[in-house]
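Data first, discussion second: the structure below is written as structure tokens.
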Amino acid sequence: MADENVKATKPKKVADPVAASIDVGTQQMIQRAQDLGIDTVFDRAVTMKPCNIGLQGICCKNCAMGPCRLPLPKGGIEGEDTRKGLCGATANTIAARNFARMVAAGTSAHSDHGRAVAEVFLSVARKETEDYKIKDVGKLLSIAPHFGVATTVEVDGEIKDRDLDEIALEVAEIAVAEWGKPEGELHYLKRAPKPTYERWKKQGVLPRSIDREVVEVMHRTHMGVDQDYKNLVKQCSRTSLADGWGGSMMATDLQDVMFGAPSPLQTEANMGIMKEDHVNIIIHGHEPILSEMIVAAAQSKEMVNYAKEKGAKGIQLGGICCTGNEILQRHGVPPAGTYLQQELAIVTGACDAMVVDVQCVFQNLANVAKCFHTKVITTHPIARMEQNNVLHIEFDEHHAMEDAKRIVTMAIDNFENREAEVMIPPQKNAQIAGFGVESIEYHLGGTFRGSYFTLNDNIVNGRIRGLGAVVGCNNARSQHNNAHITLIKELIKNDVLVLTTGCGGIASGMHGLLTPETAGVFCGPGLKEVCETVGIPPVLHLGSCVDNSRILLAATEMIKAGGPWKELSDIPACGAAPEWMSEKAIAIGQYVVTSGVYTIFGGTLPVTGAPEFAKYLFENIADLYGGKWAFCEDPVEMAHKMIEQIDAKRKELGIDKARERVLMDMADRQKLEASA
Ligand code: XCC
Ligand code: SF4
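Read in my numbering, the sequence shown has 715 at position 541, and its numbers run on one by one without any break.
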């Protein structure tokens, strides 16, 4: 491993494992990698400093007269800001253009994923594939009307159910067209509460079609086009809505139709789910089109028997990142870790195959795999790796099961090649995951009231102070999982019910926050009472990052169920991505803000080098949509900023007093119980 020539020079700087992660298993694996002379992202974060100008968002390389860099003077700007690039672009223009391109990239990633799902659904509807089916008819019928597809038909004055195949085909064709239709607006926008939709309309940000908005960002940010940061932010909003209420939401829905809407199930999380005596296949990436098939293949008798023939006790699947969340929520496949643990799953020496599709995949996986027997298999035509030890098995929906079996067979055949000593860190925690709009309704509403009424009621009466969506990535620039866990604990301690997705969800599971028992340990009295009464964890895992659309729809259900709130910006709720790193996170943040919700990110945002533009995102934008951006490095402080926003909304709604009364009653009751 170690390079011969380097020996004489001083030892390389490496990460301090304890400072790098709050998870003991992760610390052990970082240490192990270092002992073996293998560098991981944690070490590289120590040796490579981020570029300070890029960090502030003020480097423009949109034409060959640049790159133009406009560093902010140490003491800030006094008087007029005269910084400009060769063409005259101001810091505001440059930072806004960069921000817009992040929104476009993030929207593309979520939406191209959604497109792939929609295309598979179209082949299902056309009966061109046998391997995928419509698993959840109820979900299909519930989304059809949102595409303008009727589910019943009148025959001789009688209302009859329409043929399912017909409905599926119509939905599929209309859905696929959402990416590139020449006119109109996205169908799903009308699912938003009416006042929210009207706001978007008034601001002129209703997306027309998904691809078009992304293309328009690229055009507007080309050298010499849109040079008014406010106008650029407007296009950021329109594009991001095409993600949240478009590509992401359709991805979620059509996945549910084909693979089943999730419902809560119990499993475990962290690298300790890997088993020494099993074939371990780690599935990493985002699109469940692949992972669903691998799950089916790995569970087949044929494959399990083959694994046994080869000396293994069975096949253990594990997920990393969002495809892990997809198979977690639908099949109870345990996640092996978050984004930052991908290299470490290989460092265990027990990973027989790492199967990846798109997004969040480190190219360094291939380098780490060279030191072990692990086969890294890329599967997607748009996501390959240059290293020569990487295998590419292209996955095609028309022979999906065949491809999946080939991949699983390869992993099984590789089991006997394990060389390096296997060392699986034992850390793992029990968890309940797989909540969705439908299951929250069921759990909180009970069977007889089947609505979001109970949730509303508990917010109004103050037992639940508000909602906090804690989502998104890990970032090697901050301690792995620390901000997620610290923030969430502080929120639930203050009676804020937490909804989580993405790597935030996996982190919550790893650290034991996704069990109903958590309520008794970490929650404030109001939230504890609600959770214990209905038997839910105070932190609800709603799936992958495209499933943030579930959070939008859950909030919409709260409005439909009646309450003091009329639009999304009225609800005492906040969004947070405490360890964000990806462009997708910026797209999500922008659609959450545009949907009316205060959104706070950890670390920093690449806008600080342009103070006027930053102020626009942090303050003025609220006048247009009700939501605004913020960032904060310290997770406890972040929680209190969110709580402050939640309390302000409660006050606006006139429900701030109710909470004081509830807490007073509770204190009395506790005193009574104590004296009894
Ligand atoms: Fe990627 Fe979705 Fe971020 Fe995790 S949370 S690091 S985007 S896998 Ni979406
Ligand atoms: Fe510089 Fe303007 Fe070209 Fe950007 S577009 S690199 S600011 S000259």
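For each residue, glycine too, the CB sits at the ideal point set by N, CA and C.
Quantities reported herein were computed from a predicted structural model and do not represent experimental measurements.
- Three or more beta-carbon pairs separated by less than 8 Å link the stretch 528 to 538 to the stretch 450 to 465, which places the two stretches in contact.
- When the Cα atoms are used, glutamine 764 and cysteine 748 turn out to be separated by approximately 13 Å.
- At a cut-off of 7 Å, the beta-carbon of leucine 260 counts as near the ligand SF4: some heavy atom of the ligand is closer than that.
- DSSP places lysine 334 within a strand segment (E or B) once states are collapsed to three.
- Lysine 408 sits buried, since 16 or more C-beta atoms from the chains shown fall within 10 Å of its C-beta.
- Ranking Ile606, Ser625, Val529 by CA distance to the CA of threonine 583 puts Val529 first.
- For alanine 751, the uninterrupted beta strand (DSSP E) segment begins and ends at 747 to 751.
- Collapsing the DSSP output to three states places cysteine 234 in a strand.
- Straight-line measurement puts the Cα of lysine 187 at about 31 Å from the Cα of proline 241.
- Contiguous beta strand (DSSP E) elements confined to the stretch 762 to 814 occur at 772 to 775, 803 to 805, taking only those with 3 or more residues.
- Taking the Cα of leucine 726 as reference, the smallest distance to any Cα among Pro738, Ser743, Ile710 is reached at Ser743.
- In this structure, asparagine 656 has its CB at a distance of at least 7 Å from all heavy atoms of the ligand XCC.
- The alpha carbon of lysine 248 has as its nearest neighbour, out of Gln230, Ala366, Thr773, the alpha carbon of Gln230.
- Shortest Cα-Cα distance from serine 465 to any of Lys475, Gly498, Gly312 involves Gly498.
- Residue state for alanine 607 is assigned as strand, using DSSP reduced to three classes.
- With a cutoff of 8 Å on beta-carbon distance, glycine 420 and glutamate 352 are scored as near each other.
- Glutamine 503 carries a helical assignment under DSSP once its states are collapsed to helix, strand and coil.
- In terms of CA proximity to phenylalanine 295, Ala349 leads the group Gly694, Ala349, Ser316, Asp335.
- The residues Gly624, Ser625, Tyr626, Glu731, in chain order, have a CB closer than 8 Å to that of glutamate 615 in the same chain once the five nearest residues on each side in sequence are set aside.
- At least one heavy atom of the ligand SF4 lies less than 7 Å from the C-beta of alanine 263.
- Two segments are said to touch when three or more pairs of C-beta atoms, one from each, lie closer than 8 Å; by this definition the stretch 423 to 443 touches the stretch 499 to 515.
- Counting the other Cβ atoms within 10 Å of the Cβ of cysteine 225 gives fewer than 16, which makes it exposed.
- At least one heavy atom of the ligand XCC sits closer than 7 Å to the Cβ of asparagine 648.
- The beta carbon of valine 192 lies closer than 6 Å to those of Gln201 in the same chain, with the five residues before and after it left out.
- Excluding residues up to 5 positions away in sequence, Thr512, Tyr513, Leu514, His654, Cys677, Glu753 lie with their Cβ nearer than 6 Å to the Cβ of asparagine 648 in the same chain.
- Between asparagine 444 and methionine 203, the gap from beta carbon to beta carbon reaches 8 Å or more.
- In the structure shown, the three-state DSSP call for isoleucine 457 is strand.
- Between isoleucine 317 and alanine 784, the C-beta gap is not smaller than 8 Å, which leaves the two residues out of contact.
- Scanning Glu476, Pro508, Val345 for the CA closest to the CA of glutamate 293 turns up Val345.
- Here alanine 219 really is in contact with arginine 651; their C-beta atoms are around 6 Å apart, less than 8 Å.
- Three or more beta-carbon pairs drawn from the stretch 664 to 680 and the stretch 628 to 646 are found closer than 8 Å, and the two stretches are therefore classed as touching.
- In summary, aspartate 337 is exposed, with fewer than 16 beta-carbon neighbours lying within 10 Å of its beta-carbon over all protein chains present.
- The criterion of a C-beta distance shorter than 8 Å is not satisfied by isoleucine 551 and alanine 481.
- Per the coordinates, the alpha-carbon of glycine 199 lies some 6 Å from the alpha-carbon of glutamine 601.
- Relative to the non-hydrogen atoms of the ligand SF4, the Cβ of cysteine 525 never comes closer than 7 Å to any of them.
- Valine 391 is a Cβ neighbour of alanine 274, given a cutoff of 8 Å.
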